[in-house]
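Visitor:
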Amino acid sequence: MKDAPHSTAPRLRAADVALSAGIFAAAVLVYLPSMSGALIWNDTDYVTAPGLKSLHGLWLIWTRPGVTQQYYPLLHSFFWVQSRLWGEAPLGYHAVTVALHASASVLLAWVLRGLFNGTALSPCLDGGEWLAALLFAIHPAHVESVAWISEQKNTLSLALYLGSALAYLRFDTTRGRRAYAWALALFLASLLCKTVTATLPAAMLVALWWKRGRISWKRDVVPLVPWFVVGIAAGLFTSWVERHYVGAEGGDFEIAGLQRLLVAGRAVWFYTGTLAWPFGLNFIYPRWVLDTHSLGQWLYPAAVLALVGALWLLRGKARGPLAAYLFFVGSLLPALGFVNLYGARYSWVWDHWQYLPDIGPISLAGAGLVFAWRRLRPGLRWVGPWIAAVLALGLGSLTSAHCAMFHDNESLYLDTLARNPGSWMAHNNLGLAWSKLPGRLDDAIAQYQAALRLKPDIAETHTNLGRAWLQTPGRTDDAVAEFREAIRVDPKYPDAHFYLANSLVAKGDIKEAIENYETALKYDPGLPEASNNLGILLCRTGRGAEGLSRIEAALRMEPDFLPAHFARGAALLQMGRIQDAQAEFERVLALRPGYEPALRMMQLIRSRQ
Numbered sequence: 015m016k017d018a019p020h021s022t023a024p025r026l027r028a029a030d031v032a033l034s035a036g037i038f039a040a041a042v043l044v045y046l047p048s049m050s051g052a053l054i055w056n057d058t059d060y061v062t063a064p065g066l067k068s069l070h071g072l073w074l075i076w077t078r079p080g081v082t083q084q085y086y087p088l089l090h091s092f093f094w095v096q097s098r099l100w101g102e103a104p105l106g107y108h109a110v111t112v113a114l115h116a117s118a119s120v121l122l123a124w125v126l127r128g129l130f131n132g133t134a135l136s137p138c139l140d141g142g143e144w145l146a147a148l149l150f151a152i153h154p155a156h157v158e159s160v161a162w163i164s165e166q167k168n169t170l171s172l173a174l175y176l177g178s179a180l181a182y183l184r185f186d187t188t189r190g191r192r193a194y195a196w197a198l199a200l201f202l203a204s205l206l207c208k209t210v211t212a213t214l215p216a217a218m219l220v221a222l223w224w225k226r227g228r229i230s231w232k233r234d235v236v237p238l239v240p241w242f243v244v245g246i247a248a249g250l251f252t253s254w255v256e257r258h259y260v261g262a263e264g265g266d267f268e269i270a271g272l273q274r275l276l277v278a279g280r281a282v283w284f285y286t287g288t289l290a291w292p293f294g295l296n297f298i299y300p301r302w303v304l305d306t307h308s309l310g311q312w313l314y315p316a317a318v319l320a321l322v323g324a325l326w327l328l329r330g331k332a333r334g335p336l337a338a339y340l341f342f343v344g345s346l347l348p349a350l351g352f353v354n355l356y357g358a359r360y361s362w363v364w365d366h367w368q369y370l371p372d373i374g375p376i377s378l379a380g381a382g383l384v385f386a387w388r389r390l391r392p393g394l395r396w397v398g399p400w401i402a403a404v405l406a407l408g409l410g411s412l413t414s415a416h417c418a419m420f421h422d423n424e425s426l427y428l429d430t431l432a433r434n435p436g437s438w439m440a441h442n443n444l445g446l447a448w449s450k451l452p453g454r455l456d457d458a459i460a461q462y463q464a465a466l467r468l469k470p471d472i473a474e475t476h477t478n479l480g481r482a483w484l485q486t487p488g489r490t491d492d493a494v495a496e497f498r499e500a501i502r503v504d505p506k507y508p509d510a511h512f513y514l515a516n517s518l519v520a521k522g523d524i525k526e527a528i529e530n531y532e533t534a535l536k537y538d539p540g541l542p543e544a545s546n547n548l549g550i551l552l553c554r555t556g557r558g559a560e561g562l563s564r565i566e567a568a569l570r571m572e573p574d575f576l577p578a579h580f581a582r583g584a585a586l587l588q589m590g591r592i593q594d595a596q597a598e599f600e601r602v603l604a605l606r607p608g609y610e611p612a613l614r615m616m617q618l619i620r621s622r623q
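The working numbering numbers the first residue of the sequence shown as 15 and each following residue consecutively.
Dropping the structure here:
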């Protein structure tokens, strides 16, 4: 490789700037309804936890897998910066996610323009890149990726992915070291946000094959070999993290190899269908039963292979359809069931899994429409722009309307259940949402019970039902029974041990409570409440030094955790360290002025001085 002064990259025109701004504005416009949305489902797992908001927390994000929901350190560093700017206020996160999606849409246009430039079809495809980018920006199947804050990993990683592709196309024409370095750096950055982008080197080979009709080993493959190595390594590591830290292992994931082929074949056609007909989109789709003895289920993977074969035979006349389909299926590969992903516990398919792969078919559609209307008689070419406008208006309207589903947890799960009544996850999570609202505890209990009727072996739901029984007078024994059932289903579920310990404290069984707090912390060392409660019990049973250590561990996890500061003050007072105890209670009062228990402890200290 060497730096070259000449570049065949397309020149920037005033019209290009206007079109880029128009696509960006269109994306923002259709997603305006999402801006008022709250944090939903697992957004709190991505918005930086209090214990990670320090510089030490940023260090942990990069060096300790498991402290964040997934090991995507650049993504979580991006969330870390945002948490410093606007805390947990959802508006800032929504605005950033929408801006990233809009930027990725514009970048898509420039990547496609770089591909189209210099080909024999370039005059016929001029403008197709902008239509494809517009369709990508406003397609309803992408709402889940843009309106759900957790999926900022999708929008950020795609922007970096497309930036890398754009830089690599420049390298392809100039063979310059600087362009290659930029492309590789952006590719690595995208992997640190979401490893589905590991498919980029394969995608580049498909794109270059479409452009030139052949692939050269030395020119095309060799420069991408390091990319394949890094991408495969990142994918394997992410798969390991999914199993060992996220929880993508166990009964829900134990499916045979042939069954995985059934998942893959049907999923490809599912995503094709939602892209072509984006009506009835849902958050959780039914998790269909896999039957390797069913001929009908084998028709799905057979049809995928048949379509690839047909497009291969047609490649002499048109390479575009085959290239788009190979890109689509290849980019879907990480989400087709061949590796365990935690989301497959609830459904084999998710709208956000098709966000990046949709680039292939949408690019084909945009370029194909422009190509088709340019071949019409001059007097009929006005029809093309009108068809594009009607299509854009329809898709944009659907997208804006679909944003309402992601406004808050209650809307999310009610809408999910309206389209998929068999979703035990939606029943469980709707129960959680209602349990936090005054007067809705009975409704929450009914939802938990509905979830357990659909799937009795859910440790989380047994735990949630137990928590609800704790809030119901006279149902403590029922709560304990639910917590014990949750532990029977999943002995490693920390929340069940934690809440069982709380219940046992109320019943006076301190010894077993200590054991369950210790078990909860064994399986999740990042539970400040469990650490603090354990410390309090240890102090109560004469193990003051050990108890103080546990309380201080809770404060390291969450520095402003008021109950732990109060407990530390009480422990220090018990140990005779009166001045240290006084300073701790003063910290409590600084966090919550007028806090009555701390005021009483301060009076007690003054009476001893």
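Glycine is no exception: its CB is placed at the ideal position from the N, C-alpha and C atoms.
Tell me the DSSP secondary structure of A432 in three-state form.
Guide: Residue state, collapsed to three classes: helix.
Visitor: Can you check which of these residues, I373, G265 and I501, is closest to H476 by C-alpha distance?
Guide: Comparing Cα-Cα distances from H476 to each of I373, G265 and I501, the minimum goes to I501.
Visitor: Alpha carbon to alpha carbon, what distance is there between H579 and R622?
Guide: R622 and H579: Cα-Cα distance of roughly 21 Å.
Visitor: Go ahead and label P19 buried or exposed: buried means 16 or more other beta carbons lie within 10 angstroms of its beta carbon, across all protein chains shown.
Guide: Low per-residue confidence applies at P19: pLDDT is 43, beneath 50, and the placement is therefore not dependable, though the value from the model is reported in the following sentence. By the 10 Å Cβ count, P19 comes out exposed.
Visitor: Hey, how far is the Cα of Q368 from the Cα of Q273?
Guide: One C-alpha to the other measures close to 21 Å.
Visitor: State the CB to CB distance for the pair L444 and Q463, rounded to an integer number of angstroms; the pair is presumed to be in contact (CB under 8 Å).
Guide: Wrong, their Cβ atoms sit about 12 Å apart, outside the cutoff.
Visitor: Kindly indicate which residue of G71, P104, Q83 and W94 has the alpha-carbon position closest to the one of L53.
Guide: Cα-wise, what sits closest to L53 is P104.
Visitor: Contact check, A482 vs S517 under 8 Å by CB: the rounded distance?
Guide: Between S517 and A482 the Cβ distance is about 13 Å, and since that is not below 8 Å, they are no contact.
Visitor: Within the same chain, show all residues whose beta-carbon is closer than 7 Å to that of P215, passing over the 5 residues directly before and after it, in chain order.
Guide: Correct list, in chain order: L238, W241, F242 and G245.
Visitor: With a 10 Å radius around its C-beta and 16 neighbouring C-beta atoms as the bar for buried, classify A32 as buried or exposed.
Guide: It is exposed - the Cβ of A32 has fewer than 16 other Cβ atoms within 10 Å.
Visitor: List in chain order: all unbroken alpha helix (DSSP H) runs of 4+ residues lying wholly within the segment 479-554.
Guide: Fully enclosed alpha helix (DSSP H) runs of 4 or longer: 490-503, 508-521, 524-537 and 542-554.
Visitor: Have a look at S377 and A181 and give me their C-alpha separation to the nearest angstrom.
Guide: Spanning the two alpha carbons is a distance of roughly 19 Å.
Visitor: Hey, could you find the ends of the alpha helix (DSSP H) D186 is sitting in?
Guide: From DSSP, the alpha helix (DSSP H) with D186 extends over Q166 to T188.
Visitor: Alpha carbons only, please: which of R228, P335, Y299 and G380 is nearest the one belonging to I401?
Guide: Residue G380 is the option with its Cα nearest to I401.
Visitor: Going residue by residue through the segment 413-464, where are the continuous beta strand (DSSP E) segments of at least 3 residues, counting only ones entirely within it?
Guide: Segments of the beta strand (DSSP E) lying fully in the segment 413-464: there are none.
Visitor: For T77, does the count of other Cβ atoms within 10 angstroms reach 16, so buried, or fall short, so exposed?
Guide: Counting Cβ neighbours within 10 Å, T77 comes out exposed, since fewer than 16 surround it.
Visitor: Please report how far the alpha carbon of P487 lies from the alpha carbon of A458, in whole angstroms.
Guide: Cα to Cα, P487 sits roughly 16 Å from A458.
Visitor: Between Y45 and V160, is the Cβ-Cβ spacing less than 8 Å?
Guide: Yes.
Visitor: Along the chain, where does the alpha helix (DSSP H) that runs through F575 open and close?
Guide: Unbroken run through F575: none, as it is neither H nor E.
Visitor: When DSSP labels each residue in this structure, what does I298 get in the three-state scheme?
Guide: It is coil, neither helix nor strand.
Visitor: Are the Cβ atoms of L321 and Y299 separated by less than 8 Å?
Guide: Their beta carbons are not under 8 Å apart, which means L321 does not touch Y299 by this criterion.
Visitor: Drop a sphere of 10 angstroms on the beta-carbon of M15, count the other beta-carbons inside from all chains shown, and report buried for 16 or more, exposed for fewer.
Guide: Low local confidence applies: a pLDDT of 48 at M15 is under 50, so the model's placement there is unreliable, and no value is given.
Visitor: Which residue comes first and which comes last in the alpha helix (DSSP H) that contains D59?
Guide: It spans D57 to Y60 - the alpha helix (DSSP H) in which D59 sits, taken as one unbroken run.
Visitor: On the premise that N354 lies in contact with E256, defined as a C-beta separation below 8 Å, what is that separation, rounded to the nearest angstrom?
Guide: The Cβ separation is near 6 Å, so the contact holds.
Visitor: Just confirm the distance between the C-beta atoms of G279 and V318, as a whole number of angstroms; I'd bet it's less than 8 Å.
Guide: With a Cβ gap of about 5 Å, G279 and V318 count as contacting.
Visitor: Tell me whether F293 sits in a helix, a strand or coil according to DSSP, three-state version.
Guide: In this structure, F293 counts as coil in the three-state DSSP scheme.
Visitor: Thinking C-alpha only, which one of W196, H115, W326 and D140 is nearest L126?
Guide: Here the closest residue by C-alpha is D140.
Visitor: Determine whether the beta carbon atoms of D365 and A151 lie at a separation below 8 Å.
Guide: Against a cut-off of 8 Å, the Cβ pair of A151 and D365 comes out as no contact.
Visitor: Please state the DSSP three-state secondary structure of F352.
Guide: In this structure, F352 counts as coil in the three-state DSSP scheme.
Visitor: Is it buried or exposed, P315, if we count other Cβ atoms within 10 angstroms and call 16 or more buried?
Guide: Buried: at least 16 other Cβ atoms inside 10 Å.
Visitor: Looking at the structure shown, is E268 part of a helix, part of a strand, or coil, going by DSSP?
Guide: Three-state result, E268: coil.
Visitor: With a threshold of 7 Å, establish whether the CB of K536 neighbours any heavy atom of the ligand ATP.
Guide: Looking for the ligand ATP in the displayed structure turns up nothing, as the structure carries no ligands at all.
Visitor: If I follow the unbroken alpha helix (DSSP H) through Y107, where does it start and stop?
Guide: Y107 -> alpha helix (DSSP H) spans P104 to F130.
Visitor: Assuming contact is defined by CB atoms lying nearer than 8 Å, are N10 and L446 in contact in what I supplied?
Guide: The requested residue 10 is not part of the displayed model; the chain covers only 15 to 623.
Visitor: Assuming contact is defined by CB atoms lying nearer than 8 Å, are S178 and A147 in contact in what I supplied?
Guide: In this structure, A147 does not lie closer than 8 Å to S178 by Cβ.
Visitor: Taking all protein chains shown into account, decide if A612 is buried (16 or more other Cβ within 10 angstroms of its Cβ) or exposed.
Guide: Flag for A612 reads buried.
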